[in-house]
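K.L.:
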Amino acid sequence: MLSGIERLRITHRRKLPGDDGIVRDARHGILRLDTCQRIMTIDLEPDAQLPPPDARIRVRKGRAAYQFLLEVTTGLRSAIPGETNVFGQFKQAWAQFRTDGPVERVARLAPLIRRIIDDTKRVRSAHLEGIGGSSYGRLVRRLIGPRMHDRVLFVGAGDLTQSMLPFFRNCQVGVWNRRPVTLADGLVDYYVRPEDGNRAARWA
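Read in order, the letters of the sequence shown are residues 143 to 346 in the working numbering.
#1: Report all residues from its chain with a CB closer than 7 Å to the CB of Gly171; omit the five preceding and five following residues, and keep chain order.
#2: In whole angstroms, give me the CA-to-CA distance for Asp301 and Arg174.
#3: On the three-state DSSP scale, how would you describe Ile255?
#4: Measuring only between beta-carbons, confirm whether Leu186 sits less than 8 Å from chain D.
#5: Please list, in chain order, all residues of the same chain as Phe239 whose beta carbon is under 6 Å from its beta carbon, the five residues on each side excluded.
#6: Please name the residue in Ala346, Ser305 and Phe310 whose C-alpha comes closest to that of Cys178.
#7: Is it a yes or a no for the stretch 333 to 340 touching the stretch 308 to 319, going by three-plus beta-carbon pairs under 8 Å?
#8: Would you kindly check if the distance between the Cβ of Cys313 and the Cβ of Arg293 is under 8 Å?
#9: Relative to the C-alpha of Leu212, which candidate in Lys233, Ala197 and Ile199 has its C-alpha closest?
#10: Going by Cα to Cα distance, which pick from Leu186, Lys157, Gly230 and Val214 is closest to Ile199?
#11: Please state whether DSSP places Arg166 in a helix, a strand or coil.
#12: Could you name the residues of the same chain whose beta carbon sits closer than 6 Å to that of Val201, not counting the 5 residues immediately before and after it, in chain order?
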């Protein structure tokens with residue numbers, strides 16, 4: 143009988159401009175990880191379904207799939223090696239799947255997901271301490287070094303921006319985005335529409 147790792151099957155494709163959120167296809171009940179860089183599905187054979195025809199999709203199985211998934215969750219496959227945002231996104235995707243996914247599939251995947259989470263923590267603790275910073279938010283704050291009440295303008299209001307906003311609570315935060323944003327929780331003070339680029343520049 144094959145172990146969980148040997149049955150693991152991952153599909154992966156790089157995200158391109160124009161991709162908008164999770165891939166909408168005919169498949170349901172599959173754990174998906176959707177980040178700013180990639181879209182992945184995580185499943186076990188024989189449950190795993192074939193991906194739709196797409197030359198961009200890579201399929202990995204067994205130990206090669208587990209190694210790739212671990213490299214993703216530890217941040218080693220990220221644009222900034224060692225960042226932790228992707229691990230948070232993975233745990234969030236799993237939490238959502240536990241709520242919405244088929245009960246039997248959740249039960250079969252659970253031991254493997256617990257193992258990847260534990261291994262991710264061990265790898266980060268033993269080998270990645272101090273590498274890459276703990277999150278994009280901390281890295282950006284360290285890079286620009288804003289003082290209290292300085293103005294910081296974010297272009298776009300996607301998941302990456304949302305993850306960084308809490309690190310700039312002491313600043314005046316503006317968002318230049320194609321859709322209005324909620325000025326809630328004291329995280330965003332100023333919203334600029336796409337056509338008002340000059341106003342955004344003057345404010346910043």
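Idealized CB from N, CA, C, for every residue including glycine.
P.N.:
On the basis of the coordinates in this document:
#1: Counting from one through the sequence shown, the residue named residue 171 turns up at place 29. Once the five neighbours on either side are set aside, the close Cβ partners of Gly171 are Gly243, Pro244 and Arg247.
#2: In the sequence shown, the residue the question calls residue 301 occupies position 159. In the sequence shown, the residue the question calls residue 174 occupies position 32. Approximately 16 Å between the Cα atoms of the pair.
#3: What you label residue 255 is simply residue 113 of the sequence shown in a count that begins at 1. It is helical.
#4: Judged by its chain identifiers, the structure shown contains no chain D, having just a single protein chain.
#5: Residue mapping note: residue 239 aligns to position 97 of the sequence shown, counting from 1. Same-chain partners within the cutoff: Leu173.
#6: Here residue 178 refers to the residue found at position 36 when the sequence shown is read from its first residue. Per the Cα distances, Ser305.
#7: yes
#8: Position 151 of the sequence shown, counted from the first residue, corresponds to residue 293. Position 171 of the sequence shown, counted from the first residue, corresponds to residue 313. Cβ atoms of Arg293 and Cys313: closer than 8 Å.
#9: Residue numbering aside, residue 212 sits at position 70 when the sequence shown is read from its first letter. Ranking Lys233, Ala197 and Ile199 by Cα distance to Leu212 puts Lys233 first.
#10: For the purposes of this step, residue 199 is identified with residue 57 of the sequence shown, where counting begins at 1. If we check each option's Cα against that of Ile199, Lys157 comes out closest.
#11: Residue 166 sits at position 24 when you count from the first residue of the sequence shown. Confidence at Arg166 is low in this model, with a pLDDT of 44, below 50, so the placement of that residue should be treated as unreliable; the coordinate-derived value is given next. It is coil, neither helix nor strand.
#12: Here residue 201 refers to the residue found at position 59 of the sequence shown. Here the set comprises Thr153.
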